[in-house]
DNA sequence: CACGGATATATCAATACGATACGTCGTGTG
DNA sequence: CACACGACGTATCGTATTGATATATCCGTG
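Chains as they are written, first to last, in our numbering: chain A, 921 to 1123; chain B, 921 to 1123.
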């Protein structure tokens, strides 16, 4: 499976923890979740959903109170296999876990995995960015001859952005380490868990 | 032509202003130029070069002193049409000019266009980002019910990044305006301009 | 009630990617 | 020296991804 497809799969599995959802809604949530310009296209999402249905990671949800006149919408929910798959993907973090595309999704679901996995991903990502930084600076040292003013400014801004993300990660790692269980980020909200008292999804 | 292809074309045209280059080198320069994770793939570059050759934007450069044993490498240079095309693309800025992909390339070549075009692109990009910001915040207001702590932190960080880019753009716009012709950006850093109170923007 | 816009699923041609093949060169190493 | 190995350099191709579009229902508003 390609990187992209795997990311979508992970995202769907993660989101469905909040309760049954249909394609359109998954797409909206996802596009919002990662401030993204890059949006998730239907041409990617729907085929993925079908494949996941085929491989038994998700299933169509029974929805009792659907009004019969209502346009059919296919609401999906996790199967046990789906739960396991999610847990597996979140725990068995390989070196691909901290690439640009995947990292955001993984991070968004950190609340559903253990601290050890979180730290591994955060540190992996930080190394990745630092390495990128070093490479750019090395290249820059060699190519510095006569750089255009604007080109240089673009470089500077790029490097600065990455450095800031590194700082952000460092703060998170630090919080993770000292916070242990409870509160890594000064967050305003409590750990979600499954919101079982939660919203009746019925219309 | 699709957005991506147009971006590559612009990038090639811009780079070739520095002198003749061959594909491999263009790729390296390009990948460096935009701190990019997204790299330019051969599968995109070489076909684009051939198309540009066909449409007469570039031509093979005569290279006198090539050692005969040397593996053939195709060095390209701009034609007059290429120069015109570049100027046209940089000047006739439409609303597509400040999308994520294109903006970086355009910015890198700002030195080769006039202040008016620069300002239009910078302001366009800023509006684009602000609009994105507003949308996200609106969405956030509606969806804020029970947000997971990590998901929220990801949001926060995303918004913050965009806000910082907006600030960056504002500083650049400011510098452009007050700098007029000569030196909008300083060699190393930009004036940390607070908009109005502004004592000299000199570093 | 008619209109437009949000909701919702689905498909498909066009395009971009990334892996790989092929070959040359420079460099270090036993 | 000979050999391997990584950087240089062009080229192609199957496949994944996109983006646009078709279809259809629901709902709020003048």
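The C-beta atom is built at its ideal place from N, Cα and C for all residues, glycine as well. None of these values were measured; they are calculated from a predicted model.
> Considering residue 978 of chain B, what are the terminal residues of the beta strand (DSSP E) in which it resides?
Replying inline: 978-980
>> On the CB-based measure, 16 or more other CB atoms within 10 Å of its CB, does residue 1048 of chain A come out buried or exposed?
In response: buried
> For residue 921 of chain A, which of helix, strand or coil comes out of DSSP?
Replying inline: coil
> At what residues does the beta strand (DSSP E) containing residue 995 of chain A begin and finish?
Replying inline: 995-998
> Mind checking if residue 932 of chain A is an interface residue toward chain B, Cβ cutoff 9 Å exclusive?
Replying inline: no
> Roughly how many angstroms lie between the CA atoms of residue 939 of chain A and residue 947 of chain A, to the nearest whole one?
Replying inline: 15 Å
>> Am I right that residue 1011 of chain A and residue 1033 of chain A are in contact with their C-beta atoms under 8 Å? What's the rounded C-beta distance?
In response: 6 Å
> Taking all protein chains shown into account, do 16 or more other C-beta atoms lie within 10 angstroms of the C-beta of residue 1114 of chain B, making it buried, or fewer, making it exposed?
Replying inline: Note that residue 1114 of chain B scores 37 on pLDDT, short of 50, meaning its location in the model is unreliable; the coordinates nonetheless yield the value given after this. Answer is exposed; the Cβ neighbour count stays below 16.
>> Let me check one thing: in DSSP terms, what residues is residue 884 of chain B bridge-paired to?
In response: Because chain B in this structure spans residues 921 to 1123, residue 884 of chain B falls outside the shown range and cannot be described.
> So, does the CB of residue 1088 of chain B fall closer than 9 Å to a CB anywhere in chain A?
Replying inline: yes
> Going along the stretch 1026-1056 of chain A in order, which residues come within less than 8 Å of chain B, judged by CB to CB distance?
Replying inline: Residues 1027, 1028, 1029, 1030, 1031, 1052, 1056.
> Hey, is residue 969 of chain B's beta-carbon within less than 9 Å of any beta-carbon in chain A?
Replying inline: no
> When you compare only the Cα positions, how much space is there between residue 1013 of chain B and residue 1000 of chain A?
Replying inline: 53 Å
> Name the chain B residues whose beta carbon is nearer than 9 Å to that of residue 941 of chain A?
Replying inline: In chain order: nothing, as chain B lies at least about 13 Å away.
>> Alpha carbons only, please: which of A/1067, A/961, A/978 is nearest the one belonging to residue 995 of chain A?
In response: A/978
> Where does residue 1015 of chain A fall in DSSP's three states?
Replying inline: coil
> In three-state DSSP terms, what is residue 1082 of chain B?
Replying inline: Looking at residue 1082 of chain B - three-state DSSP - the assignment turns out to be helix.
> In terms of alpha-carbon separation, which member of A/963, A/928, A/967 lies closest to residue 949 of chain A?
Replying inline: Minimum Cα distance to residue 949 of chain A is reached at A/928.
> Cα separation between residue 1028 of chain B and residue 1096 of chain A?
Replying inline: 39 Å
> Of all Cβ atoms in chain B, is any one closer than 9 Å to the Cβ of residue 952 of chain A?
Replying inline: yes
> residue 943 of chain A and residue 1070 of chain B: beta carbons closer than 9 Å?
Replying inline: Not closer than 9 Å, so no.
> Quick one: Cα of residue 1081 of chain B to Cα of residue 1084 of chain A, how far?
Replying inline: 9 Å
> For residue 927 of chain A, does the three-state DSSP call read helix, strand or coil?
Replying inline: helix
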